[in-house]
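J.:
Residue numbers (the numbering used here), protein chains in the order written: chain Z, 232 to 403; chain X, 50 to 270.
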């Protein structure tokens, strides 16, 4: 299969989706920003040759690998004081034009971040980042059938833990 | 897919779709990409003028400057510290994990990201002013605030003219505000060090300036 060079100028198109995915992976808005920055720094460090046309799937794989690396580094590091949780994040006008939706997103991302990693990664790839099952399979290097199974379990787990009013807000 | 599963999938997509990356993150990533493009252009220019570049690099390697020439000022170092970095951030030094693999005259730049300060190096800049090398590591915090940490090559510069002086752990720090920037300068290892930022408080800069590595990572800085 022919390779093509990843165009750094096109990476700006994926920032929002990667940010959502990062937030859902790590469960903290502040960590999500750092994670996306680290991901872009890693991708931009040298020219990248891709086998498929799907930049987002590739970026999502790098994002996930960067997240895992950061967790491993953090586990090796002496415990340090964590920054305070940003209590005003939900009403930050830069987050979205609809603060109520962001509040719901935070609750949702908390639940997703607490899922078992295999289920979480699939849910983030398909429902949060918007990849197809095939793209998600490529990004996570698992079969499509595995994506279907894990996604079903992940959605069921999220449904169990989310408050009913939150679901009703989006599914009325 | 059952109705229930479709319902939860829709809820997740709707909630996630309402979230957008903060403008600060967009700006930071755009700057990262711009730096990448500049690096590419610089690499091309270097290839075309290899001999001239080599001469320039050799000239830059000697950073102490002419002792008879007037030295740069703290203001020169501040101007360089506030510039956008042109090179990628230096990596962590595997042999001294509390520091980065960047230094000037034996004074290494701290890796603040390992401790409680949460400043992460995001770029490097090398400049020359009045015959002296100035090395700057740029640090960011949560993609919003930015601080430039400059170390000036050669003998220490004249201290900044300010009455605002703070002593921490026996080191004297000069604090100033100038042209919208907050500046902390001090001497370390015989070199002049400068921290400058347009969006960070003097207290936060002093915390960075007075940073010491943990005893297990090499003791006092």
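Virtual Cβ for every residue (Gly too), placed ideally from N, Cα, C.
All values reported here derive from a predicted model rather than from experimental measurement.
Between the alpha carbons of residue 376 of chain Z and residue 192 of chain X, how many angstroms are there, rounded?
T.: 38 Å
J.: Take residue 374 of chain Z and list the residues in its own chain whose beta-carbon comes closer than 8 Å to its own, dropping the five residues that flank it on each side.
T.: 368
J.: Taking 8 Å as the threshold (beta carbon to beta carbon), is residue 195 of chain X in contact with chain Z?
T.: Not one beta carbon of chain Z lies nearer than 8 Å to the beta carbon of residue 195 of chain X.
J.: Does the separation of the CB atoms of residue 353 of chain Z and residue 381 of chain Z fall below 8 Å?
T.: Yes; because the gap between Cβ atoms is below 8 Å, this pair is in contact.
J.: Quick one: grab the DSSP three-state call for residue 156 of chain X.
T.: strand
J.: Can you give the Cα-Cα distance for residue 292 of chain X and residue 126 of chain X, rounded to whole angstroms?
T.: Chain X is shown from 50 up to 270; residue 292 of chain X falls before or after that span and cannot be answered.
J.: By how many angstroms is the C-alpha of residue 195 of chain X removed from the C-alpha of residue 219 of chain X?
T.: Distance between the alpha carbons of residue 219 of chain X and residue 195 of chain X is about 27 Å.
J.: Using 10 angstroms around the beta-carbon of residue 240 of chain Z, count the other beta-carbons present and answer buried if the total reaches 16, otherwise exposed.
T.: exposed
J.: Tell me the DSSP secondary structure of residue 282 of chain Z in three-state form.
T.: coil
J.: Out of X:81, X:162, X:203, X:52, point me to the one whose CA is closest to residue 119 of chain X's CA.
T.: X:203
J.: Report the neighbours of residue 261 of chain Z on chain X: residues whose CB is nearer than 8 Å to its CB, in chain order.
T.: 191
J.: Classify residue 133 of chain X: buried if its beta carbon has 16 or more other beta carbons within 10 angstroms, exposed otherwise.
T.: exposed
J.: Using the C-alpha atoms, what's the distance from residue 156 of chain X back to residue 304 of chain Z?
T.: 25 Å
J.: Do you know how far the Cα of residue 168 of chain X is from the Cα of residue 256 of chain X?
T.: Whole-angstrom Cα-Cα distance: 11 Å.
J.: Counting along the chain, where does the alpha helix (DSSP H) carrying residue 266 of chain Z start and finish?
T.: 260-275
J.: What does a CB cutoff of less than 8 Å around residue 386 of chain Z pick up in its chain, not counting 5 residues either side in sequence?
T.: 354, 358
J.: Do we get a CB-CB distance below 8 Å when we pair residue 239 of chain Z with the residues of chain X?
T.: At a cut-off of 8 Å, the C-beta of residue 239 of chain Z has a neighbouring C-beta in chain X.
J.: List, in order along the chain, the chain C residues whose C-beta lies closer than 8 Å to that of residue 79 of chain X?
T.: Although the question refers to chain C, the structure presented lacks it and instead comprises the protein chains Z and X.
J.: In or out: residue 302 of chain Z buried (at least 16 other Cβ within 10 Å) or exposed?
T.: exposed
J.: Please list the residues of the stretch 52-76 of chain X that have a C-beta atom closer than 7 Å to any C-beta atom in chain Z, keeping them in chain order.
T.: 53, 54, 56, 57, 58, 59, 60, 61, 62, 63, 64, 65, 67, 68, 69, 70, 71, 72, 74, 75
J.: For residue 53 of chain X, which of helix, strand or coil comes out of DSSP?
T.: Note: residue 53 of chain X maps to helix in three-state DSSP.
J.: Are the Cβ atoms of residue 241 of chain X and residue 225 of chain X separated by less than 8 Å?
T.: no
J.: Is residue 225 of chain X helix, strand or coil when you go by DSSP?
T.: It is a strand residue.
J.: Quick one: is the Cβ of residue 249 of chain Z within less than 7 Å of any heavy atom of the ligand ADP?
T.: Only the bare structure without any ligand can be found here, which leaves the ligand ADP out of the picture.
J.: Short check: CB of residue 69 of chain X to CB of residue 247 of chain Z, under 8 Å?
T.: Going by C-beta atoms, residue 69 of chain X is nearer than 8 Å to residue 247 of chain Z.
J.: Consider the Cβ of residue 339 of chain Z: report whether some Cβ of chain X lies at a distance smaller than 8 Å.
T.: yes
J.: Look at the Cβ atom of residue 337 of chain Z, then the Cβ atom of residue 343 of chain Z, and state whether they are nearer than 8 Å.
T.: One thing to note: residue 337 of chain Z has its Cβ no nearer than 8 Å to the Cβ of residue 343 of chain Z.
J.: Would you mind telling me which residues of chain Z sit closer than 9 Å to residue 82 of chain X, beta carbon to beta carbon, in chain order?
T.: 239, 240, 242, 243, 271, 275
J.: Give the interface partners of residue 137 of chain X over in chain Z, defined as CB-CB distance under 9 Å, in chain order.
T.: 272, 275, 276
J.: Nearest to residue 275 of chain Z by CA position, among Z:263, Z:289, Z:262, is which residue?
T.: Z:289
J.: Can you pull the chain Z neighbours of residue 85 of chain X, defined as C-beta to C-beta under 8 Å?
T.: 239, 275
J.: Give me whichever residues DSSP pairs with residue 235 of chain X in a beta bridge.
T.: Partner residues in the beta bridge of residue 235 of chain X, as assigned by DSSP, are X:242.
J.: Please report the straight-line C-alpha distance between residue 214 of chain X and residue 221 of chain X, rounded to a whole angstrom.
T.: If I take the Cα positions, the gap works out to 7 Å.
J.: Can you grab the Cα-Cα spacing for the pair residue 364 of chain Z / residue 356 of chain Z, in whole Å?
T.: 9 Å
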